[in-house]
Structures are given as C-alpha cells and as structure tokens.
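Going down the list, the protein sequences come from chains H and A.
Going by my numbering, the first sequence opens with residue 1, and the numbers climb by one from there.
Going by my numbering, the second sequence opens with residue 1001, and the numbers climb by one from there.
Note that beta-carbon positions come from the ideal geometry of N, C-alpha and C, so glycine has one too.
Only a predicted model underlies this, so the values are computations on that prediction, with no experimental measurement involved.
2 protein chains.
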Amino acid sequence: MSITLERVRAMDAADPLRHLHDRFLLPDNIIYLDGNSLGVLPAGTLRKQQDMVLNQWGHSLIRSWNDHGWIDAPQRIGAKIAPLIGARPHEVIVTDSVTVNLFKLITAAAALSPDRPVLLSEAGNFHTDLHVASGAVDAVPGMRLEVVPRDAVEDAIGPQTNLLLLTHVHYKSAARFDMAGITARAREAGARTIWDLSHSAGAVPLHLGRDGAELAVGCGYKYLNGGPGAPAFLYVAEHLQEALTPLLRGWMGHATPFAFSDDYVPAPGIARFLAGTPPMLSMAALECGIESFNGAPMEALWAKSVALFDLFAALIDERCSGHALDCISPPDPDLRGSHISYRHPHAFALCQALIADGVIGDFRAPDVVRFGITPLYLGYEDIWNAVERLARILETGFWRDPRFAVRGKVT
Amino acid sequence: MSITLERVRAMDAADPLRHLHDRFLLPDNIIYLDGNSLGVLPAGTLRKQQDMVLNQWGHSLIRSWNDHGWIDAPQRIGAKIAPLIGARPHEVIVTDSVTVNLFKLITAAAALSPDRPVLLSEAGNFHTDLHVASGAVDAVPGMRLEVVPRDAVEDAIGPQTNLLLLTHVHYKSAARFDMAGITARAREAGARTIWDLSHSAGAVPLHLGRDGAELAVGCGYKYLNGGPGAPAFLYVAEHLQEALTPLLRGWMGHATPFAFSDDYVPAPGIARFLAGTPPMLSMAALECGIESFNGAPMEALWAKSVALFDLFAALIDERCSGHALDCISPPDPDLRGSHISYRHPHAFALCQALIADGVIGDFRAPDVVRFGITPLYLGYEDIWNAVERLARILETGFWRDPRFAVRGKVT
C-alpha cells in the first residue's frame, strides 16, 4: 500500500512539535536537508546580534565583559548545552573549535597513562579528527596513532591503548556507536574514550553521565543552530577535571586571569580548557541556537526524527527504485543518528540538481548524498516534497545537465 | 607656557585625519581611551552583521561557503591585514586566537632546530604568551622555557636558544622592542623570533618583511576594531612556510579538505595554519574593522598618535603634578607603542572613578592606569577633556568613593 500525501499531511497535523517550526527563519521555496553542516537561523538571533553589536559592543564597549556577562559566556552557554547531552552544567564549556578542543583533550588525557602508547581511532572517521590526532600524538612522548576499520575497533582495544577517539554518529553513514558499551569495554581494558558528538548533539538523545562518558567534544553550527563556524563545546566528567592539565594553555583558562601573573596555574574545573579570548559575536549566536531547544525534550525530537527518517526511506523505496540509490544508513533507529545517506554513482551531480530544484542536501566525497533530518523545523510534507523532487530529477535525467558537474571550493 | 584649549582646538582643525572619526559609532558622552582591549564599533559593521545573519546565513545557508566567499575569508582578511604590518598578502592568515596561534608557531618552528632546547621570553610578557609557551615546550621533546627580565633578553640569546618569543609593544608600559635589531641579533645566534603584535598592529607602523621578521601573531579586537574576541592573525614569512608542519592540525589546513581523506597533507603555504571551521560572524566583523583603515596610511596615523600622546603627557604634567602619577611609557616615540600608562598607588579606584566620569581607560594589575591613543577616532580635544576630568578627580579626591573599590570579574 503506497503512502499518500493525505496520510503525510495527517502526520503533520498530529505532530506535537509542529509549533517549533516558527522559531526559525527558513528561506522561501527551499527544503533544507543539509545534514547537517549548517543549521538554520533561529528567529531570535537577528535581534540578539543587533543588540550585541550596537548596544553591548558599540555602546557599552569594554564594560560588557562584566556588565553583559561576556566573561561567563563559555560556562553559561556550556551549562545550557549540558541537558541536551546528559551532562551536568559544570561539565561542559564552550570554546574554540572541535579540532582545537580535540587537541586539548587528547594531549591532556594521554598524559594520565604514560605507559600506554596508542591513540586508537576509526578509518574513515571525520578527517579533521584524524588530522588533529596525527599531530597530537607527536606532542606526547612515545605516543602513536592507530587507525583501524570500523568493525575492528572494539577488538583493537588492548593493554597498549591509551585513548580511543570515536565519532558517536558517523558524518557520512549516520551509523551510531553504542556509547555505554564501548566506553565500558575501553575502561575494562584501562583505556579512556573521547567522543566526538558533532553529529549527535541536538540530534539524538545523549546521556553522557549515565553512559559513563568521560571526555567529549561537539560542534555548535550543526544541530545546535549556532551559525556558521559557531564555537564548539568540550565536556570533561567532573571526576577527571582536576586530574587533567591542558598542554594548550591560555589566560582565559588561568586560575586568576586578571592577576597577570607569569606562572601558569590552571583554573579550577572545566574552565582550565579555555585558552584565548572567545569570539563573542559568534558565541552570542550559539547561545540563541541552543535556546531554540527550550521546552522541546530530546526524546520527543528523536521520536519525530525516527518517523521523518522512516518516511523518507519508505518514500524513496516507493518512488525511486531502479535508480541506483543505495541507502548506507542503518534501518534500526538505535544504531543511527539523524541523517540519511545514499550512495549513487553520480552523487555530486544529483546533489547539485537537487539544490537547483530547491532541496538542499550535501554531497560527501566520493559518492554519497546526505540528507539531514532536523525535527525542530522539518515537517512530514517537507519529506514528501523532497522525495517528489528527487524522483522527478531521476526520472527526467535533469541531473545530467552539464552545469551540475561544476564544483565549487566547498563540495 | 601652558597649553590652552584654543591651541588644542587648532590642532583638531588642522588634523588631516579628522574625517576618519565619522567611520565609527562612538558612544555619547564617553571618551574612549581603552588601551586597547576592545576597539570601537565601525559604522559599517552593524549593516554587515545584518547581511551576514539574515542573508548569508538565513537565506543562502550552506551555499554561502561558496557563494559569499566564506571559505576564502581567512586568506582574504589576512591579505587585508598584510599592508598594515608590512607583509605580503599570502604571508598572513586569520584564524583562531593569539593563544592558539602562538601554540601553532612555537611547536612548528621549534621542530626546525631540534638541537636547541630553549624557548626564551620576557618576564612580565603578556601572561597568555607565557602560559601557552609553558605548555608548548612540553609538546616538543627536550624543550624548556626560559623567562628573563626585559633588559636581560638580548644577552640571554645564545647557542641554546631555539626561539625568542617577544611582544613587540608591551601591554602595560607600551615599551617597544627594536624588531629589526633583535630579529637580526637572534638570527646571528641561530635562533628565530616570534613577534606578538597584539598592541602593535594598527597602532604603530610595522615592516615585517623589511625588518626580517619570520613569525608573528596578532590580535583582531584591539586596534583593528574587529569586535569582542575577534579572531587573530598569524604571519609566516614566505620562505619559511613550506618548512613548517603544524602540530595542531585540522581539515581547514589540509591540502584537500573536501576530499575527506584520512591522511594529513598540509595545504600549500600559509593555509596549513588553519585548523577548524572559522567563526564567520566574528570573521565578518573583523573584516569591517580592517576596512576602517582604508586610505589612512599607517605613517600618518602614527604621526597623529605621537602628537596625541605628547599632548596627553604634557597636559598631565601641567594639570596633575603632585598627585603621584608616574608615567611608565617611553618619552621617545621610537621606543613606544600607542598607549600611555601611569603608575598610581590607587590605580584601580582612579580608573573606576574615571569610568564613572565618562573616561574609559583600563586598570592593569597591580598599580597601572593605561590609556589607549587611537588616532583613527580620537581628537586632540578628547585628550584635553580626559585630562581635565582626571585632574578634577585627583583634586577633589572623587576616586576615594568606596564604590570605586568594588572589583568585577574583569578588572
């Protein structure tokens, strides 16, 4: 029995989260399924930026560090992320980028077990994680990076393993690791795990505390809707915070930054992982992005994500069969994140044709089209319309137009 | 013969840079002599931020990485900073913070001379430089940090010296090092110098190429008017770029960031010093800040800075003698930057009283009041009025009011 538009509209009508859509400024005539390299603009962000620029910077100037709480922003925004990832408020801080934060955590945590020389990660992990890991191991005496295929990761954990660096939800396939199981497996072997939550935070329910996670980083510009290149977050479980001494140090992470003392003394707790002065305009936008989750429980969002994903997959099966689209994302919701990806021999051109037709997904080299499922602002009819357009593009061969072969710098 | 208000107004009337004042939105009834922890708001920044948020992010979304040149912003903005510091466009890039950039340069450059174990710096250097240095040396096998008094720095350069880390203009005293002389002295001894230009860029004429500087970092939120916590810049002379391999690595510094390859291959040239995704809202504000220098030659700005400083010092001598103000900034313009600092036994309360009276300088622990001299938007009569208010505060003892003893988190 095929899915009807009527049935899809009934799903929207029954959606208890439908009103959240109004919290965002969405572009006209676009179905935004970017998955998810840049979240959409929350409606409150424009006014907040105007206040930041004109009043807080322009008028109050340097006084805003105290008067408008700039100096506490890394902790304050971190505490707002905490409930989205199942952490306690003082275990999360906003600072720098995912890359820089991974460097901080790898180098600080590796030093706790100087007799264990291996940083273990997954081949095909998001590449910045592997790049930063390749340098970070050179900063720790005797350390080396071992990269093994995904299905060999668990067996590779052993007495040499110092740190395990994994991305919780894979950027390409959306395959999700079992955080509790793997963290426990590593801990039994005497190793610690660093989780990259870039495709998880704000997308799937996370319970870092309950699942025993000790170290994590994540992205502000994807599902948290913090704006282009928004600062990242860093998580350290309370019991580890005082044991870690950052190798990458700066005045904002000093115990007394305004005493201007030559000697480095780490700040108590998570604040020691701050380094330089935070980019406040971008920080303010991130804070607005996180506030767009207010009153929307992650469990409810996740239930809707699952339903949107399943609808997408079912519609593709019905409407696009015979067009060489091969789903690489797990059918089991417990094993996946909040995006759905397909292999296609002409994935790049297909993605460009979709964009030209108002459906924004992303191409991921060499042959994947990825669609983000963001329950905060997507409806079921959006999914219907996206698949309709994709089916038409495939049926008509629209994607063969030569203009869709031209690549920009960011593809 | 005392200086008259008439004479000061004549200086404003004859000022060829007076029109630059209109490029900025200055708060009413405030004389802004912050020196210079946060530059003022350029008039064009508000509109640019609105365009960034509403159009580039909100409307164009992920497409803006190509369509609005986000992906090239680190290089493009770096190239705009280059003429302000006497560098070539491809030698400067905007990324991360001063702290993180120092870590990148120290760790990458130290590896070039593995037989030289010493990173040499100045006691009382801006503290984040010493904090980051203390960690960076631990990331390089055998390396150690040596910190010596300012007047002992040159003599301490020797065969053990790998890197010399100096701040060109001292954040507190404004004392300026001889860039050409010290860089040459270090090079003769086989050492390289990293210059922190945080209090120099946009403040004093810089000729990095001419003066033989090879490595430098600098701040975007001070004299470049890039907004609170604006991203920083990093300079590497062309001849060194390919020799340096960053220890802190990320996808934006990869040769092919969108090939998503596991292996790290540094980008050609300066781009290898990028790491994570840049915070675009803050990047855009920095670009506006730098554009506020358009058509204003650094030499003309510097001549005005010298005249403003000399007027300030002369008026203090005339109006505030006998009040224990002790100027710690060099009288010789060639030996200083663009701020003037005074020791005073009650510097904190004095600074707070000045702020309450509409003159914003900064307190620098333990006993310094610092006044920034920013020729882009300050006039001679501003200096007159600031000193008048300071004289009145000293004469009346207004600063003794108990409310001026209360410290905020940022002091």
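Open item on the list: Check whether the segment 255-271 of chain H and the segment 303-321 of chain H are in contact - that is, three or more C-beta pairs closer than 8 Å.
Closed with: no
- [ ] Please list the residues of the segment 134-150 of chain H that have a C-beta atom closer than 7 Å to any C-beta atom in chain A, keeping them in chain order.
- [x] S134, G135, D138, A139, P141, V147
Task: Min CB distance A:Q1049 to chain H below 8 Å - done: Along the second sequence, read from residue 1 onward, the residue named residue 1049 of chain A stands at position 49. Yes - at least one Cβ of chain H is within 8 Å of the one on A:Q1049.
- [ ] Please compile the residues from chain H whose C-beta is within a distance smaller than 7 Å of the C-beta of A:V1053.
- [x] Numbered from its first residue, the second sequence carries residue 1053 of chain A at position 53. Under the 7 Å cutoff, chain H gives L41, T45, L46, Q49.
- [ ] Please name the residues in the segment 1266-1292 of chain A whose beta-carbon is closer than 7 Å to at least one beta-carbon of chain H, in chain order.
- [x] A1275, G1276, T1277, P1278, P1279, M1280, L1281, S1282, A1285
- [ ] Using beta-carbon positions only, say whether A:R1319 and A:V1387 come within less than 8 Å of one another.
- [x] Here the question's residue 1319 of chain A lines up with position 319 in the second sequence. Here the question's residue 1387 of chain A lines up with position 387 in the second sequence. Yes; because the gap between Cβ atoms is below 8 Å, this pair is in contact.
TODO: Can you give me the start and stop residues for the beta strand (DSSP E) that A:A1216 sits inside?
DONE: Residue mapping note: residue 1216 of chain A aligns to position 216 of the second sequence, counting from 1. Looking at the DSSP string, the run of the beta strand (DSSP E) that includes A:A1216 is 1215-1218.
TODO: Within 10 angstroms of the Cβ of H:R116, are there 16 or more other Cβ atoms? Answer buried if so, exposed if not.
DONE: Along the first sequence, read from residue 1 onward, the residue named residue 116 of chain H stands at position 116. By the 10 Å Cβ count, H:R116 comes out buried.
Task: Beta-carbon separation (whole angstroms), H:I290 vs H:L224, contact threshold 8 Å - done: Locating residue 290 of chain H in the first sequence gives position 290, where the first residue counts as 1. Locating residue 224 of chain H in the first sequence gives position 224, where the first residue counts as 1. Contact flag correct, Cβ pair sits at about 6 Å.
Task: Contacting residues, own chain, Cβ-Cβ under 6 Å from H:W70 (five flanking each side not counted) - done: Counting from one through the first sequence, the residue named residue 70 of chain H turns up at place 70. The answer, listed in chain order, is S64, M280.
Open item on the list: Considering only the alpha carbon of each residue, which of A:A1353, A:L1394, A:E1381, A:V1410 lies closest to A:R1403?
Closed with: For the purposes of this step, residue 1403 of chain A is identified with residue 403 of the second sequence, where counting begins at 1. It is A:A1353.
Task: Among H:A174, H:Y171, H:V132, H:L208, the one whose alpha carbon lies nearest that of H:I182 - done: Stepping through the first sequence from its first residue, residue 182 of chain H is reached at position 182. Of H:A174, H:Y171, H:V132, H:L208, the residue nearest in Cα terms is H:L208.
Task: Secondary structure of A:F1404, DSSP reduced to three states - done: Sequence index remark: in the second sequence, residue 1404 of chain A carries index 404 (1-based). DSSP places A:F1404 in helix when its eight states are reduced to three.
Open item on the list: Assess contact between the segment 1104-1122 of chain A and the segment 1073-1081 of chain A, defined as three or more Cβ pairs (one per stretch) separated by less than 8 Å. Is contact present?
Closed with: no
Task: 6 Å CB neighbourhood of A:C1288 in its chain, flanking five on each side removed - done: In the second sequence, residue 1288 of chain A corresponds to position 288, counting from 1. Contacts found: P1042, G1044, T1045, K1048.
- [ ] Within the same chain, show all residues whose beta-carbon is closer than 7 Å to that of A:D1357, passing over the 5 residues directly before and after it, in chain order.
- [x] Here residue 1357 of chain A refers to the residue found at position 357 when the second sequence is read from its first residue. Within the same chain, A:D1357 has close Cβ partners R1389, I1393.
Task: Residue range of the unbroken alpha helix (DSSP H) whose run includes H:E388 - done: Stepping through the first sequence from its first residue, residue 388 of chain H is reached at position 388. Taken as a continuous stretch (DSSP letters only), the alpha helix (DSSP H) holding H:E388 covers 380-396.
TODO: Return yes when the Cβ of A:L1376 is within less than 8 Å of the Cβ of A:S1292, no when it is not.
DONE: Residue numbering aside, residue 1292 of chain A sits at position 292 when the second sequence is read from its first letter. Residue numbering aside, residue 1376 of chain A sits at position 376 when the second sequence is read from its first letter. Result yes, Cβ atoms of A:S1292 and A:L1376 sit closer than 8 Å.
Task: Cross-strand partners of A:S1341 (DSSP beta bridge) - done: As a working note, residue 1341 of chain A is residue 341 in the second sequence. A:S1341 is bridged to A:R1370.
- [ ] Could you spell out where the alpha helix (DSSP H) holding A:T1161 opens and where it closes?
- [x] For the purposes of this step, residue 1161 of chain A is taken as the residue at position 161 of the second sequence. No alpha helix (DSSP H) contains A:T1161, which is instead part of the beta strand (DSSP E) from 1161-1167.
TODO: Evaluate A:A1013 with the Cβ neighbour count: other Cβ atoms within 10 Å of its Cβ, from every protein chain shown; 16 or more gives buried, anything less gives exposed.
DONE: On the second sequence, position 13 is the one that residue 1013 of chain A refers to. Exposed, because fewer than 16 other Cβ atoms sit within 10 Å of the Cβ of A:A1013.
Task: Three-state secondary structure assigned by DSSP to H:S121 - done: Translated into the one-based positions of the first sequence, residue 121 of chain H becomes position 121. Here H:S121 sits in strand by DSSP.
Open item on the list: Measuring straight from C-alpha to C-alpha, what distance separates A:E1146 and A:A1184?
Closed with: Residue numbering aside, residue 1146 of chain A sits at position 146 when the second sequence is read from its first letter. Residue numbering aside, residue 1184 of chain A sits at position 184 when the second sequence is read from its first letter. About 20 Å.
Open item on the list: Please report the distance separating the alpha-carbon of H:G420 from that of H:T256.
Closed with: Beyond the ends of chain H as shown, which are 1 and 411, falls residue 420 of chain H; an answer cannot be given.
TODO: Check each residue of the segment 1375-1406 of chain A: if its Cβ is closer than 9 Å to any Cβ of chain H, include it; give the result in chain order.
DONE: none
TODO: Determine whether the Cβ of A:K1080 lies closer than 8 Å to any Cβ atom of chain H.
DONE: One-based indexing of the second sequence puts residue 1080 of chain A at position 80. Not closer than 8 Å to any Cβ of chain H, the Cβ of A:K1080 fails to qualify, so no.
- [ ] Check the Cβ of H:N66 against every Cβ in chain A and list those closer than 8 Å, keeping chain order.
- [x] Looking up residue 66 of chain H in the first sequence gives position 66. G1408, K1409, V1410, listed in chain order.
Task: Within-8 Å CB hit, A:G1124 to chain H - done: The residue labelled residue 1124 of chain A in the question sits at position 124 within the second sequence. Answer yes: the Cβ-Cβ gap between A:G1124 and chain H drops below 8 Å somewhere.
Task: Three-way DSSP call (helix, strand, coil) for H:E146 in this model - done: Position 146 of the first sequence, counted from the first residue, corresponds to residue 146 of chain H. If DSSP states are grouped into helix, strand and coil, H:E146 belongs with the strands.
Task: As assigned by DSSP and simplified to three states, the class of A:A1175 - done: As a first step, residue 1175 of chain A is located in the second sequence; it is residue number 175 there, counting from the start. If DSSP states are grouped into helix, strand and coil, A:A1175 belongs with the strands.
Task: Backbone CA spacing between A:D1263 and H:L33 [nearest angstrom] - done: Within the second sequence, the letter at position 263 stands for residue 1263 of chain A. Within the first sequence, the letter at position 33 stands for residue 33 of chain H. So the alpha carbons of these two residues sit roughly 29 Å apart.
Open item on the list: Across the segment 125-142 of chain H and the segment 152-159 of chain H, are there enough close Cβ pairs to call them in contact, namely three or more that are closer than 8 Å?
Closed with: no
TODO: Could you have a look at H:I360 and say whether DSSP puts it in helix, strand or coil?
DONE: Within the first sequence, numbered from 1, the residue matching residue 360 of chain H stands at position 360. Here H:I360 sits in strand by DSSP.
Open item on the list: Helix, strand or coil, according to DSSP, for A:I1093 in the structure here?
Closed with: The residue you call residue 1093 of chain A lines up with position 93 of the second sequence. The answer is strand: DSSP assigns A:I1093 an E or B state.
Open item on the list: Among A:V1140, A:V1406, A:H1170, whose alpha-carbon lies nearest the alpha-carbon of A:I1340?
Closed with: Residue 1340 of chain A sits at position 340 when you count from the first residue of the second sequence. Closest by alpha carbon: A:H1170.
- [ ] State whether the segment 210-225 of chain H contacts the segment 22-39 of chain H, with contact taken as three or more CB pairs (one from each stretch) at a distance under 8 Å.
- [x] yes
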